[in-house]
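Before any comments, here is the structure.
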Amino acid sequence: MRGADFVVKRVLFALGTVFVAITLNFVLFRAISGDAVSALRCRQCTQEFKEYQRRTLGLDKSKWEQYTIYLRDLAHGNMGRSLRTEEPVTHVLWEPLKTTIPMVALGTLFAIVFGVATGVIAAWRRGTAADKGVLWGGLGFYSMPPQWLGLVIVLFIAGRIGLPTSGVKDPTLGILSDPGFIEVLVDRLEHMILPALTLGLVLFGEYTLIVRSAMLETLGEDYILTSRAKGLKNWSTVWRHGFRNAMLPVITLIALSLGFVIGGAITVEYVFSYPGIGLLVVEAIDQRDYPVLQAAFLLLTFSVILFNLVADLLYFKLDPRVTE
Amino acid sequence: MSPVQTGAPPVDETSSPTRSLKWRAIAAPVLRNKSALFAVGILAVFIFLAIFGPLLIEGDPKAKVGDVFEPPSRQFWLGTDGGGASMLDLLIAGARISLLIGFCAAAISALIGGTVGILSGFFGGRTDTVLMRTTDYFLVIPDVPLIIVIAALFGRSTWNIIVIIGVIYWTFTARLLRAQTKSVRERVYVQRARALGAGNTRLVVRHVLPQVTPLLIANTVLLIAYAIFAETFITFLGLGDPATISWGSLIENAFKDDAIINDAWWAVIPPGVCVMLVVLACTIIGQTMEDALNPRLRTGHLSVRRFRVLRPKEQQES
Numbered sequence: 427m428r429g430a431d432f433v434v435k436r437v438l439f440a441l442g443t444v445f446v447a448i449t450l451n452f453v454l455f456r457a458i459s460g461d462a463v464s465a466l467r468c469r470q471c472t473q474e475f476k477e478y479q480r481r482t483l484g485l486d487k488s489k490w491e492q493y494t495i496y497l498r499d500l501a502h503g504n505m506g507r508s509l510r511t512e513e514p515v516t517h518v519l520w521e522p523l524k525t526t527i528p529m530v531a532l533g534t535l536f537a538i539v540f541g542v543a544t545g546v547i548a549a550w551r552r553g554t555a556a557d558k559g560v561l562w563g564g565l566g567f568y569s570m571p572p573q574w575l576g577l578v579i580v581l582f583i584a585g586r587i588g589l590p591t592s593g594v595k596d597p598t599l600g601i602l603s604d605p606g607f608i609e610v611l612v613d614r615l616e617h618m619i620l621p622a623l624t625l626g627l628v629l630f631g632e633y634t635l636i637v638r639s640a641m642l643e644t645l646g647e648d649y650i651l652t653s654r655a656k657g658l659k660n661w662s663t664v665w666r667h668g669f670r671n672a673m674l675p676v677i678t679l680i681a682l683s684l685g686f687v688i689g690g691a692i693t694v695e696y697v698f699s700y701p702g703i704g705l706l707v708v709e710a711i712d713q714r715d716y717p718v719l720q721a722a723f724l725l726l727t728f729s730v731i732l733f734n735l736v737a738d739l740l741y742f743k744l745d746p747r748v749t750e
Numbered sequence: 021m022s023p024v025q026t027g028a029p030p031v032d033e034t035s036s037p038t039r040s041l042k043w044r045a046i047a048a049p050v051l052r053n054k055s056a057l058f059a060v061g062i063l064a065v066f067i068f069l070a071i072f073g074p075l076l077i078e079g080d081p082k083a084k085v086g087d088v089f090e091p092p093s094r095q096f097w098l099g100t101d102g103g104g105a106s107m108l109d110l111l112i113a114g115a116r117i118s119l120l121i122g123f124c125a126a127a128i129s130a131l132i133g134g135t136v137g138i139l140s141g142f143f144g145g146r147t148d149t150v151l152m153r154t155t156d157y158f159l160v161i162p163d164v165p166l167i168i169v170i171a172a173l174f175g176r177s178t179w180n181i182i183v184i185i186g187v188i189y190w191t192f193t194a195r196l197l198r199a200q201t202k203s204v205r206e207r208v209y210v211q212r213a214r215a216l217g218a219g220n221t222r223l224v225v226r227h228v229l230p231q232v233t234p235l236l237i238a239n240t241v242l243l244i245a246y247a248i249f250a251e252t253f254i255t256f257l258g259l260g261d262p263a264t265i266s267w268g269s270l271i272e273n274a275f276k277d278d279a280i281i282n283d284a285w286w287a288v289i290p291p292g293v294c295v296m297l298v299v300l301a302c303t304i305i306g307q308t309m310e311d312a313l314n315p316r317l318r319t320g321h322l323s324v325r326r327f328r329v330l331r332p333k334e335q336q337e338s
């Protein structure tokens, strides 16, 4: 059967990457001077508390022993406890994850829809003012640091249209009365829209440039010339012959850009005090709460590996020419 | 003229080998392209500022010379920041660190990526498998979280940041250089030199390196943009060197000192615009050079290319 080989190969590769990430995660956090506990910064972190943490983390054992313990714990889904609050890290991650996903999804969706639409139009109308506008606009957004764009949006736009610029919900909501479902939903969306827009605009810049180039390249292929010569309508050529083929590489490139999406999400959440994974990472960095940072790193890395795998398999499913 | 396509004539693949570096091949497409020329101008201005900037500033750029968040005036062209220091002076001082990080980190990436790519492409076989497998793994692991984690563990000095960024961004370069080296290795004159008894070292240094260096340079220019970008991330999260001034740290300070609440747009906008201009300039220059140099990226009768630095699928197969 076509594909069984390919699927197995890609899944094995993804698992290999997961293992590399896990090992990297172990090595990096053990390579620091001192150990994970000595840098801890919080009010209740006394010397005794640090000693206690060192023992519970097994830092007094040999490196190899530590590594096997780390792998075994991870296999059981045990990522340790936050050094500050003693809460299991998996619990610490859960709420922020639920907050982040809709925001990032909204931003990415916005970027994909507008990026693809403008990219296709620019390639179709190559050399016109519309094309140049899209090209320079795309390059402009692509070059902006996301955190800076966030600040600019807060400075110039947020106040004028009256959208909240921090947090995930209105603190006064639900104090006097029990808010309805719609009310809560609207409140959440209002808080989500600016961070999502910031992330979306930066990604839009990247996506529109990718789509435009992929589309231009496809429109230069011989089969496009053939379909024109056959007398197919312009629209049909661009859409059925050009667009569908151009989207294949775009899938891979979008999956590869996910590392960047995550980086952008971290700084954007920080700007908008949006209590997701990004803000959690910033806090963990600030307090040197390494177990939380480790778990967040693994979570982000696994999600990127997973999306890359999905993109690979999707590419394979859509493009019968891939035989590898 | 648009920055993403150029009308450079195709490189003649069968031409006799040139042992010297083809500087003209690098410069010509940039000089012919209007927007690339403009980008070179922008970059030149910033490089000038980075080198001679400190001579233009009197005293310590961080010194309090005016009120907190003073709007732009004749005395302070870009106003003052949250510490009462002149924004213009800070910007000029920041150019040096930002560009230093950009150029040095890109150089480290190019060195690692170039070495891995050339060795992998030239020797093939088991060397290739091992090196490329490693590269593939690092290509998928998301760069920004990795940079943040390493910076959180080791960071807080400019040289640390340079090394961290440098050792993360080599994967794209390695893939690109591998593909190019493989095609150079198969060319007739390299085969001929080998038949005449040239050793591997000589082949790589005298014949392969001059052929792939232009592409490496083009790629390095693109990497500068990545590195400057990464620096703003690291610094914004409070992991930068607290003693130095960079554009990233100016954005961070504006955020931390509540420039937003004070409505001090002059403290927020300029550093971001500087980052944007340099990233834009490097992207345009790098793309223009790469377009002209990399025959793999020129396909069909309309010479256009994909936007990103590499095409993972195609290069894997090559």
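If you read the sequences in order, they're chains A and B.
Numbers given in my numbering equal positions in the first sequence, counted from 1, plus 426.
Numbers given in my numbering equal positions in the second sequence, counted from 1, plus 20.
Don't be surprised by glycine CBs; every beta carbon is placed ideally from N, CA and C.
Tell me, please, which residues DSSP counts as bridged to P514 of chain A.
A:R507
Can you name, in chain order, every residue of its own chain whose Cβ lies under 8 Å from the Cβ of V60 of chain B, other than the five neighbours on each side?
V50, A301, I305
Closer than 7 Å, Cβ to any Cβ of chain B: which residues of the stretch 715-742 of chain A, in chain order?
L719, F723, L726, T727, V730, I731, N734
What residue range is occupied by the uninterrupted alpha helix (DSSP H) comprising E477 of chain A?
473-483
Between the alpha carbons of I46 of chain B and M296 of chain B, how many angstroms are there, rounded?
24 Å
By the three-class DSSP mapping on this structure, what secondary structure does S106 of chain B have?
strand
State yes or no: is the beta carbon of F432 of chain A nearer than 8 Å to at least one beta carbon in chain B?
no
For L485 of chain A, decide whether its Cβ has a neighbour in chain B, counting only Cβ atoms nearer than 8 Å.
no
Which word fits S55 of chain B, buried or exposed, when buried means at least 16 other C-beta atoms lie within 10 angstroms of its C-beta?
S55 of chain B should be labelled buried.
Taking 8 Å as the CB-CB limit, is Q713 of chain A close to chain B?
no
Counting only beta-carbon separations shorter than 8 Å, does T252 of chain B have a partner in chain A?
yes
In angstroms, rounded to a whole number, what distance separates the CA positions of L627 of chain A and V539 of chain A?
11 Å
Is it buried or exposed, D87 of chain B, if we count other Cβ atoms within 10 angstroms and call 16 or more buried?
So D87 of chain B ends up on the exposed side.
Q720 of chain A: buried (16+ other C-beta within 10 angstroms of its C-beta) or exposed?
So Q720 of chain A ends up on the buried side.
Is Q479 of chain A close to chain B, meaning its C-beta is less than 8 Å from at least one C-beta of that chain?
no
Going by the CB atoms, is the gap between L151 of chain B and T191 of chain B shorter than 8 Å?
no
In chain A, which residues lie less than 8 Å from T303 of chain B when you measure between Cβ atoms?
L565, Y568, S569
Using C-beta distances below 8 Å, list every residue in its chain close to I138 of chain B, excluding the 5 sequence neighbours before and after it, in chain order.
L197, R198, T201, V224, V228, L229, V232
What is the residue span of the alpha helix (DSSP H) that S488 of chain A lies within?
That residue, S488 of chain A, is in no alpha helix (DSSP H); it is neither H nor E in DSSP.
Under a CB-based cut-off of 8 Å, is V164 of chain B close to chain A?
yes
Listing by chain order, which chain B residues have their CB less than 8 Å from the CB of A447 of chain A?
I161
Using alpha carbons as the reference points, say which of A:L740, A:D745, A:F723 lies closest to A447 of chain A.
Nearest of A:L740, A:D745, A:F723 to A447 of chain A, Cα basis: A:F723.
Of the choices A:S729, A:A710, A:L740, whose alpha-carbon is the least far from that of M673 of chain A?
A:L740
Which residue from B:E78, B:A194, B:Y189 puts its Cα closest to that of I244 of chain B?
B:Y189
With DSSP run on the structure shown, which of helix, strand or coil describes T100 of chain B?
strand
Determine, using beta carbons only, whether F698 of chain A and L623 of chain A come nearer to each other than 8 Å.
No; because the gap between Cβ atoms is not below 8 Å, this pair is not in contact.
Would you mind telling me which residues of chain B sit closer than 8 Å to Q573 of chain A, beta carbon to beta carbon, in chain order?
Contact note: Q573 of chain A reaches chain B through T252, F253, F256, I271, F275, using a C-beta cutoff of 8 Å and chain order.
So which residues on chain A does Y157 of chain B lean against when the C-beta distance must stay under 8 Å?
G442, T443, V446
Can a CB atom of chain A be found closer than 8 Å to the CB of A172 of chain B?
yes
Would you kindly check if the distance between the Cβ of G104 of chain B and the Cβ of A287 of chain B is under 8 Å?
no
Helix or strand or just coil, what does DSSP make of D712 of chain A?
helix
Run down chain A in chain order and give the residues with a C-beta less than 8 Å from the C-beta of W285 of chain B.
L581, F582, listed in chain order.
DSSP three-state call for K84 of chain B: helix, strand or coil?
coil
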